[in-house]
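S.K.: Residues -21 to -1, 1 to 260 in mature numbering (1 follows the signal peptide of the UniProt record, and there is no 0) are what the sequence shown spells out, letter by letter. Sending over a structure as structure tokens; questions will come in a sec.
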Amino acid sequence: MNRVFAILGLVLAVSTAPVHAQPALDVVPRDLYTDTLRQDGNSISFCYNPDGMMAGFEQELAQAIGSVLLVEPKLVAMTNPRIPTNPLDYRLPWLEDALFILLAEKCDVIMGYVLATSVPDWILLTRPYLSTGNLLVTKQEGIATIDDLPLDQRIGTRSLSVSDNRLQSFLNTRPKDQRWKRATLYHNQRILEQLESGEIGAAVIWEPALYFATDGDPEAAGYHILPLPFVDRRTDIGMATRSNNTYLNSILGDAIGELINDGTLADLVDQFHLGPTSVPQ
């Protein structure tokens, strides 16, 4: 595992050259990892982030997939003391180089990978097991839409998120004297804290974060969900395998589909309070 941490300091990890344009064998220097050939056809190693809010859900999902495929799911915790996991977030605290090493040495599958339009060519993504959106929320009474929010109130968002960009674009369409100020915050827990303290009047927040933090009942916790004033962009989350492991990737996708169709995935999403719209359609 020390080899995984060592790679975090490489300049390569922050290179402006796109990783997906590099040959797979050139992603990480060969002396920094051992390519382990896993030949146990009766098990699949599922790697997950034990510090993430979805850790419990992902472990149960791996067990359910194992039951569908009639294999033993081996759960491997990907701990990373060097990069903290943000609270109430989905982002993996690993650079791509470290994920490459994990797939080479320990993991058949990495759970919690965002399905992006561009991924490294050494990764193959399954169909999503979560399709998540964002919500506009407030704790103030008497507010039915964003237009009811006083203009002296700030609207919070998570910094560097797509929803922050969309909120900014929406605000720019309004006359300057009818714009709320944005408060960009580092993580979703901070958003909820500032809603509670009144430092912000409303916020755009990731739906699973709100439901997870309130045990599945935002209204009981005093949060009021308002209509989003812009078109949301959903975040799909699935599993990553090595790109040459097409068969494993295919059967994982089939298993996810079966769990969607028989209602198991919806039950797990509800059990772990990940939001009522988070099951892929």
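Heads up, the beta-carbon is just placed ideally off N, CA and C, and yes, glycines get one too.
Apart from the five residues just before and just after K85, which ones in its own chain have a Cβ nearer than 6 Å to its Cβ?
M.R.: If we look at K85 and ignore the five residues flanking it on each side, its Cβ neighbours are V55.
S.K.: According to DSSP, is L207 part of a helix, a strand, or is it coil?
M.R.: Residue state, collapsed to three classes: coil.
S.K.: Suppose only complete runs of 3+ residues qualify. What are the beta strand (DSSP E) ranges in the segment 79 to 133, listed by chain order?
M.R.: Whole beta strand (DSSP E) segments, 3+ residues: 88 to 93, 102 to 104, 109 to 111, 113 to 117.
S.K.: Just the C-alpha distance for S140 and P52, rounded to the nearest angstrom, thanks.
M.R.: Distance between the alpha carbons of S140 and P52: 33 Å.
S.K.: Identify which residue in V6, F191, A34 has its Cα closest to the Cα of A83.
M.R.: Of the listed residues, the one whose Cα sits closest to A83 is V6.
S.K.: The alpha helix (DSSP H) with E39 in it runs from where to where?
M.R.: That run of the alpha helix (DSSP H) goes 34 to 48.
S.K.: Nearest CA to the CA of A182: which residue from T152, I122, A199?
M.R.: Out of T152, I122, A199, I122 has the C-alpha closest to the C-alpha of A182.
S.K.: Would you kindly work out how many angstroms separate the C-alpha atoms of I102 and G195, rounded to a whole number?
M.R.: Cα to Cα, the separation comes out at about 33 Å.
S.K.: Does DSSP put L(-14) in a helix, in a strand, or in coil?
M.R.: Low confidence applies to L(-14): its pLDDT is 39, below 50, so where it sits in the model is not reliable, and the reading given next is rough at best. DSSP places L(-14) in coil when its eight states are reduced to three.
S.K.: Using a Cβ-Cβ cutoff of less than 6 Å, which residues in the same chain neighbour I72 once the five nearest sequence positions on both sides are dropped?
M.R.: Reading off the sequence, residue 72 comes out as Pro, not Ile. The answer, listed in chain order, is N59, I62, T64.
S.K.: I'd like to confirm the pairing. Which residues does DSSP put opposite E51 in its beta bridges?
M.R.: DSSP lists S22 as partners of E51.
S.K.: What are the complete beta strand (DSSP E) segments, minimum 3 residues, inside the segment 153 to 184?
M.R.: Taking only runs of at least 3 residues, the beta strand (DSSP E) segments lying wholly in the segment 153 to 184 are 160 to 164.
S.K.: Could you give the residue range of the beta strand (DSSP E) that holds G217?
M.R.: Run containing G217: 214 to 221, per the beta strand (DSSP E) assignment.
S.K.: If we count Cβ pairs, one from each stretch, closer than 8 Å, do we get three or more for the segment 164 to 181 versus the segment 42 to 50?
M.R.: No: the two stretches stay apart, fewer than three of their Cβ pairs being nearer than 8 Å.
S.K.: On the premise that L115 lies in contact with E186, defined as a C-beta separation below 8 Å, what is that separation, rounded to the nearest angstrom?
M.R.: With 8 Å as the limit, E186 and L115 do not qualify as a contact, their Cβ atoms being about 11 Å apart.
S.K.: Measuring straight from C-alpha to C-alpha, what distance separates N28 and R153?
M.R.: When rounded, the distance between both Cα atoms is 41 Å.
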